[in-house]
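To keep things clear, I will list the structure first and then write my remarks on it.
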Amino acid sequence: MPVRPSRLPAALAGLGLAAALTGCAGTDEPVPAASSTSSSSSTSSSSSAPAAAGQRIEVTVTGGQVTGDTGRMPVPAGEHVTLVVTSDARDELHVHGYDLTCDLPPGTPTTVEFDATIPGVFEVELHDAGTLLLSLQVG
Amino acid sequence: MTLLAHGVGSRTDLPIPIGFALYGAGAAILASFAVLLLFWRTPRLGGSGSGRPLPAGLQRLLDGAPLRRGLQAAALLVAAFVVAVALWGPRETDRNLAPWVLYVTFWVGLVPLSLLLGPVARVANPLRLLHRGLRGFVPARPPGAARLPSLGLWPAAGSLLVFVWLELVHPDRAEPVTVAVFLLGYAVVHVGLALWFGEDWFAHGDGFEAYSTVIARLSPWGRRDGGRLVLRNPLANAIATPSQPGLAALVVVLLGSTAFDGLSRTVFWQTGPGSSDDTLSGTLGLLVMIAVVTALYVLGTRLSGRMAMQDPAIQPARYASTVIPITLGYTVAHYFSLLVLDGQTTWILASNPFGVDGLDLFGTYGNRLDLNAVSSDVIALVQVGAIILGHVIGVTLAHERALLSARRARASDQLPLVIVMVCFTLGGLGLLFGF
Numbered sequence: 066m067p068v069r070p071s072r073l074p075a076a077l078a079g080l081g082l083a084a085a086l087t088g089c090a091g092t093d094e095p096v097p098a099a100s101s102t103s104s105s106s107s108t109s110s111s112s113s114a115p116a117a118a119g120q121r122i123e124v125t126v127t128g129g130q131v132t133g134d135t136g137r138m139p140v141p142a143g144e145h146v147t148l149v150v151t152s153d154a155r156d157e158l159h160v161h162g163y164d165l166t167c168d169l170p171p172g173t174p175t176t177v178e179f180d181a182t183i184p185g186v187f188e189v190e191l192h193d194a195g196t197l198l199l200s201l202q203v204g
Numbered sequence: 139m140t141l142l143a144h145g146v147g148s149r150t151d152l153p154i155p156i157g158f159a160l161y162g163a164g165a166a167i168l169a170s171f172a173v174l175l176l177f178w179r180t181p182r183l184g185g186s187g188s189g190r191p192l193p194a195g196l197q198r199l200l201d202g203a204p205l206r207r208g209l210q211a212a213a214l215l216v217a218a219f220v221v222a223v224a225l226w227g228p229r230e231t232d233r234n235l236a237p238w239v240l241y242v243t244f245w246v247g248l249v250p251l252s253l254l255l256g257p258v259a260r261v262a263n264p265l266r267l268l269h270r271g272l273r274g275f276v277p278a279r280p281p282g283a284a285r286l287p288s289l290g291l292w293p294a295a296g297s298l299l300v301f302v303w304l305e306l307v308h309p310d311r312a313e314p315v316t317v318a319v320f321l322l323g324y325a326v327v328h329v330g331l332a333l334w335f336g337e338d339w340f341a342h343g344d345g346f347e348a349y350s351t352v353i354a355r356l357s358p359w360g361r362r363d364g365g366r367l368v369l370r371n372p373l374a375n376a377i378a379t380p381s382q383p384g385l386a387a388l389v390v391v392l393l394g395s396t397a398f399d400g401l402s403r404t405v406f407w408q409t410g411p412g413s414s415d416d417t418l419s420g421t422l423g424l425l426v427m428i429a430v431v432t433a434l435y436v437l438g439t440r441l442s443g444r445m446a447m448q449d450p451a452i453q454p455a456r457y458a459s460t461v462i463p464i465t466l467g468y469t470v471a472h473y474f475s476l477l478v479l480d481g482q483t484t485w486i487l488a489s490n491p492f493g494v495d496g497l498d499l500f501g502t503y504g505n506r507l508d509l510n511a512v513s514s515d516v517i518a519l520v521q522v523g524a525i526i527l528g529h530v531i532g533v534t535l536a537h538e539r540a541l542l543s544a545r546r547a548r549a550s551d552q553l554p555l556v557i558v559m560v561c562f563t564l565g566g567l568g569l570l571f572g573f
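From first to last, the protein sequence lines stand for chains H and R. Okay, so the first sequence: first residue is 66 according to my numbering, each after it adds one. Okay, so the second sequence: first residue is 139 according to my numbering, each after it adds one.
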C-alpha cells in the first residue's frame, strides 16, 4: 500500500515542513478595508517581492456571504498563487490538499502564498464556519 | 471539518480532457455495434458448470471453519478497534482514522479485493461470527427463514441505499462519532435480523457482503451448482450469476449513487441544484440519479424483452448481471484516486490511532499525504479506461445473455438495452468531463 518507507527523522522533517508551509504571510499592511475592487488592492500590495507574478485570487466574506473570486478558479499547474481573504468574523482559512491553514483576524485582508504544484480540485474554506470560499482547479 | 462529496478527502479529480471524453464516447459506441454484429452467434461463454476445479485439499481449507472463523475474528477485532478510535480517538476527522477506514480503505478497497480474491466480505464477515455466538439464545428454527428466498437481494439493496446516503449526503458523515454510531447500529440491526431470518440473512441483507459478492462475479473465482470451487473466465462467472429478485435493484442503487457522486463534483451541481449543499438537495439528487438509472434500465430491458417476444415477467431481472461491469467501471473511475491518494491517510494515522503524544508505531505518523503519487494524466486514463472496459464487458454479457435466452436471438432485439448502456457510458464520461 502507498505507505512511504519509514524513516525515523521523517516525523521531524514532516513537522518542520508543515510548520514552514502553514506560516502564512500575514499582512498587517494598512490596506483600507473599503477597497472593494481587486485590481486596486493588487497593485497596492505588489510591493511584497514575489507576489507580482502568478495568479491573484481575492475573496471577501461578509455576514456569511462570499464575494469576489468564488466558484471554480482554474489555476495552471506550477503557478504561484496569491490568495487574499478578508473575513468580517474571526476564523481560520483552510486550503485543502495543500493543507495550508491561516488565522483570519476580522476585517483584515490576509494573504496566503503558495506554488500550485499538486494537480486536482481543492476546496478553500473557513474552518470554523465551514463556509466554502472557492475551489481551486489546478491543472 | 473535511466535507467533500464522498464523505472524506482533500481533493477531487480534475475534469477529464475533452479529447479523452470524445475518444471514449466514440470507442463505446463503436464497440457496442462490433459486439452486436461481429461477435459469436451461439452462446460461447461457459455456464455454471464451467471452470477448472481447485484441488480438493485447497477447497477444504478455503471452505473450512478454521479459516473462516479466524478471518471473521480478525475482522471483528479490527472493526471493534475502529469503533473505539471513532469514540475515544482524536475528535478531528483529519486526525481520526475511523472515517478514512470506513469510507476509503474498506468501502473503496473492497472493490479491488473482491475482484482479485472473490467474495471476501462474505468469508470474513465479522457479523456472522457475532450471530453464531448469539444464536444459542434463540429458538433453533429461525422464524423468518422461509420468507428469505422470496426477498432475494432487496434487503441488501436497501442496506446499501442507507450506506450511500450516509456516505454522500449526511451532513456529519465525516465525523468520527457518526462512523461509530453507524457501525454499531449496522451490527445490531443485521445481527438482530439474522437471528430472526437465520444466518442466510447476511447473504440477502448485509449490503457490504452483497456488494462484495456482486463484484466477485467478475473475479476468476466461481462455484459450480454443487458448491465445487473453480477458477474460470470472469465473463463466464458473471453470466452464471443466479437470477435473484432484487439483483437489478442493488445494481441500479450502486450505479445511481456513483452517478450522483460524479454529479455532485460538477460545477453545474455546485452552482445549480446543489448550491445550498444541504441534506434535502443531496437526498433528492441521490434519489433522482437512482431513479434516472432505474428508468433507463427498466425501459431498455423491457423493450429488448418485448422485441424478443419474451414473457413480460422475465424482464427487467434477466439482464441485471450484465450491468455489473458497467457499475464496476463507474466505481473504479470515481474512487481510484481516492484510494491511492487520500487512502494514504489511513496508514499514516494507523501509526498513532489515539493521537497519543510521541507515539509512532510504524514510523509513518509524520508522513504527509503525497497527492502527487499518481499524476492527473494517469488518473484520467484509468477513469476513461475503466468506463470503456466496463461498457464493452457489459455489452458482451448482454449479447451472450440474449443468445442464452433464445437460440436465434436477433441482433436488433438487443438494441434497446445496448442503447441504454451507451447512455450510461456517455453519462459517466460526461460526469467525468464535468459537462
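By construction, the Cβ of each residue, glycine as well, lies at the ideal position given by its N, Cα and C atoms. Because the structure is a prediction, the values reported are computed rather than measured.
Enumerate in chain order the residues of its own chain whose CB-to-CB distance from residue i is below 8 Å, with the five nearest sequence positions on each side excluded.
i, result
"valine 478 of chain R", "Ala511, Val512"
"alanine 262 of chain R", "Arg206, Leu209, Gln210, Ala212, Ala213"
For residue i, would you say it is in contact with chain R, using Cβ-to-Cβ distances shorter than 8 Å as the test?
i, result
"glycine 204 of chain H", "yes"
"isoleucine 122 of chain H", "no"
"serine 137 of chain H", "Correcting the residue identity first, residue 137 of chain H is arginine in this sequence and not serine. For arginine 137 of chain H, the answer is yes, since a Cβ of chain R falls inside 8 Å of its Cβ."
"proline 141 of chain H", "no"
"glycine 133 of chain H", "no"
"valine 221 of chain H", "Past the boundaries of the shown model lies residue 221 of chain H; chain H is included only from 66 to 204, so the question cannot be answered."
How many angstroms separate the CA atom of residue i from the CA atom of residue j?
i, j, result
"threonine 502 of chain R", "aspartate 449 of chain R", "60 Å"
"glutamate 188 of chain H", "histidine 159 of chain H", "8 Å"
"leucine 564 of chain R", "alanine 212 of chain R", "42 Å"
"valine 177 of chain H", "histidine 328 of chain R", "49 Å"
"threonine 316 of chain R", "leucine 322 of chain R", "10 Å"
"leucine 441 of chain R", "isoleucine 557 of chain R", "11 Å"
"leucine 509 of chain R", "threonine 150 of chain R", "11 Å"
"glutamine 382 of chain R", "alanine 278 of chain R", "27 Å"
"threonine 92 of chain H", "arginine 121 of chain H", "Bear in mind that a pLDDT of 41 at threonine 92 of chain H, under 50, signals an unreliable position, so the number given afterwards is only what the model happens to contain. Near 15 Å, if we compare the C-alpha coordinates of arginine 121 of chain H and threonine 92 of chain H."
"valine 300 of chain R", "leucine 425 of chain R", "12 Å"
"leucine 225 of chain R", "leucine 175 of chain R", "58 Å"
"glycine 360 of chain R", "arginine 546 of chain R", "28 Å"
"threonine 439 of chain R", "leucine 555 of chain R", "6 Å"
"phenylalanine 171 of chain R", "alanine 165 of chain R", "10 Å"
"alanine 118 of chain H", "valine 307 of chain R", "40 Å"
"tyrosine 161 of chain R", "isoleucine 154 of chain R", "11 Å"
"glutamine 453 of chain R", "proline 380 of chain R", "14 Å"
"proline 293 of chain R", "glycine 343 of chain R", "4 Å"
Under a three-way DSSP split, which group does residue i fall into?
i, result
"proline 153 of chain R", "coil"
"glutamine 130 of chain H", "strand"
"glutamine 120 of chain H", "strand"
"glutamine 382 of chain R", "coil"
"serine 550 of chain R", "helix"
"histidine 308 of chain R", "coil"
"threonine 231 of chain R", "helix"
"glycine 195 of chain H", "coil"
"threonine 439 of chain R", "helix"
"arginine 270 of chain R", "helix"
"leucine 424 of chain R", "helix"
"threonine 243 of chain R", "helix"
"leucine 369 of chain R", "strand"
"histidine 145 of chain H", "strand"
"glutamate 337 of chain R", "coil"
"proline 191 of chain R", "strand"
Using a Cβ-Cβ cut-off of 6 Å (strictly less than) and excluding sequence neighbours within five positions of residue i, which residues of its own chain qualify?
i, result
"threonine 465 of chain R", "Val389, Leu392, Leu393"
"tryptophan 407 of chain R", "Leu401"
"asparagine 234 of chain R", "Gly227, Pro228, Pro314"
"leucine 191 of chain H", "Asp156"
"leucine 373 of chain R", "Leu183"
By Cβ distance below 7 Å, which residues in the same chain neighbour residue i in space, the five residues on each side in sequence not counted?
i, result
"leucine 304 of chain R", "Arg311, Phe320"
"histidine 472 of chain R", "Thr396, Asp399, Gly400"
"aspartate 193 of chain H", "Asp156, Glu157"
"phenylalanine 335 of chain R", "Pro280, Gly282, Ala283, Leu286"
Consider the Cβ of residue i: report whether some Cβ of chain H lies at a distance smaller than 8 Å.
i, result
"glycine 152 of chain R", "Checking the displayed sequence, the identity of residue 152 of chain R turns out to be leucine instead of glycine. Cβ-Cβ to chain H under 8 Å: yes for leucine 152 of chain R."
"threonine 379 of chain R", "no"
"serine 252 of chain R", "no"
"arginine 149 of chain R", "yes"
"methionine 139 of chain R", "Unreliable positioning characterises methionine 139 of chain R in this predicted model, as indicated by a pLDDT of 36, which lies under 50. The coordinate reading is nonetheless provided below. So yes, methionine 139 of chain R belongs to the interface."
*Which residues, in chain order, does the segment 492 to 516 of chain R contribute to contact with chain H at a C-beta distance below 8 Å?*
Asp498, Phe500, Gly501, Thr502, Tyr503, Gly504, Asn505, Arg506, Leu507, Asp508, Leu509, Asn510, Ala511, Ser513, Ser514
*For the segment 162 to 180 of chain H, which residues have a CB atom closer than 8 Å to at least one CB atom of chain R, in sequence order?*
Gly162, Asp164
*Could you please tell me which residues of the segment 401 to 424 of chain R, in chain order, have their CB closer than 9 Å to any CB of chain H?*
Arg403, Val405, Gln408, Thr409, Asp415
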